[in-house]
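J.: Numbering follows full-length UniProt numbering, with no gaps: position 68 of the sequence shown is 68.
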Amino acid sequence: MRRYSSPPGQQSHYFSNNDTGDINPTIIWAAHKSVLRGHFIRAATHTKKAKTLRRTDHQHKHNPTTAKLYELQALRHSVRELSVADVAHSILRSRRLFYKKANKMDTLLARTLRPRQESKPITTLRNSSNVVVNTPRDTNLAFTEYYRGLYDHTPRDELAHAQLLTCITDFLAHTDLPKIA
């Protein structure tokens, strides 16, 4: 079960959104205390329902009765409703944020793309000798070997490299390049 947590920086957002300058600071502070009280009550309700659910689940496991089963199902439903309400609030908040930043290049795009990149690690792959590797060290070595071969243009004694070298020298011999005096 996920613990309830309020969004970070919520207090600074409250003051930046509600302090317009024409309202007495004591009124803003009193209203802020009410908002905080609401968040604390919400967090306490979530924690209390989760504890009650764990206790009832434990009792039902030791003494299974239909009454406890119905009570357990009702508690699970209420905890699920709290979670659904949290998710609905998050969705509304993200919709507002996406609407506000609609066609602007911003940190919103970076924040959206970052988890996608981090969540796709490469766990297994085939190296150049067609062997499946799955340890991080072997994966790193396979990538190193691949990119070293991709960007390594040093001449070798192989036939393909000899033909490549002759093509390069012929091209450079017939190309009119500027000279540095």
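No residue lacks a Cβ here, since even glycine has one placed at the ideal position from N, Cα and C.
Does DSSP classify L177 as helix, strand or coil?
T.: Locating residue 177 in the sequence shown gives position 177, counting from the first residue. L177 falls in the coil class under three-state DSSP.
J.: Taking the alpha helix (DSSP H) that G21 belongs to, which residues open and close that run?
T.: Working through the sequence shown from its first residue, we reach residue 21 at position 21. Here G21 belongs to no alpha helix (DSSP H), and DSSP marks it neither H nor E.
J.: Is it buried or exposed, A142, if we count other Cβ atoms within 10 angstroms and call 16 or more buried?
T.: The residue given as residue 142 occupies position 142 in the sequence shown. Buried is the call here.
J.: Excluding sequence positions up to five away, which residues of its chain have a Cβ less than 7 Å from the Cβ of K179?
T.: Counting from 1 along the sequence shown, the entry for residue 179 is found at position 179. Cβ within range, chain order: n/a, list empty.
J.: Can you have a look at H161 and say buried or exposed, based on whether 16 or more other CB atoms are within 10 angstroms of its CB?
T.: Start at 1 with the first residue of the sequence shown, and residue 161 comes out as number 161. That one is exposed.
J.: Taking DSSP as the reference, what is the three-state secondary structure of V131?
T.: Looking up residue 131 in the sequence shown gives position 131. Looking at V131 - three-state DSSP - the assignment turns out to be coil, as it is neither helix nor strand.
J.: So the candidates are A31, A110, R114 and T52; which of them puts its Cα closest to the Cα of S78?
T.: Translated into positions along the sequence shown, residue 78 becomes position 78. Among A31, A110, R114 and T52, the Cα nearest to that of S78 is on T52.
J.: When burial is assigned at 16 or more other CB atoms within 10 Å of the CB, is H58 buried or exposed?
T.: For the purposes of this step, residue 58 is taken as the residue at position 58 of the sequence shown. It is exposed - the Cβ of H58 has fewer than 16 other Cβ atoms within 10 Å.
J.: For H13, tell me which candidate among H32, I23 and R76 has the shortest Cα-Cα distance.
T.: For the purposes of this step, residue 13 is taken as residue 13 along the sequence shown, with counting starting at 1. Among H32, I23 and R76, the Cα nearest to that of H13 belongs to H32.
J.: Taking A43 as the reference, give the member of N18, D86 and V133 with the closest Cα.
T.: Indexing the sequence shown from 1 puts residue 43 at position 43. Nearest option by C-alpha distance: D86.
J.: How would you label M1, buried or exposed, when you count the other beta carbons within 10 angstroms and need 16 or more for buried?
T.: Here residue 1 is taken as the residue at index 1 of the sequence shown, counted from 1. With a pLDDT of only 45 at M1, under the threshold of 50, the placement of this residue in the model should not be trusted; the figure read from the coordinates follows. The residue in question, M1, is exposed, as its Cβ has fewer than 16 Cβ neighbours within 10 Å.
J.: Can you pull the DSSP bridge partners for R126?
T.: Residue 126 sits at position 126 when you count from the first residue of the sequence shown. For R126, which the question treats as bridged, DSSP gives the partners V132.
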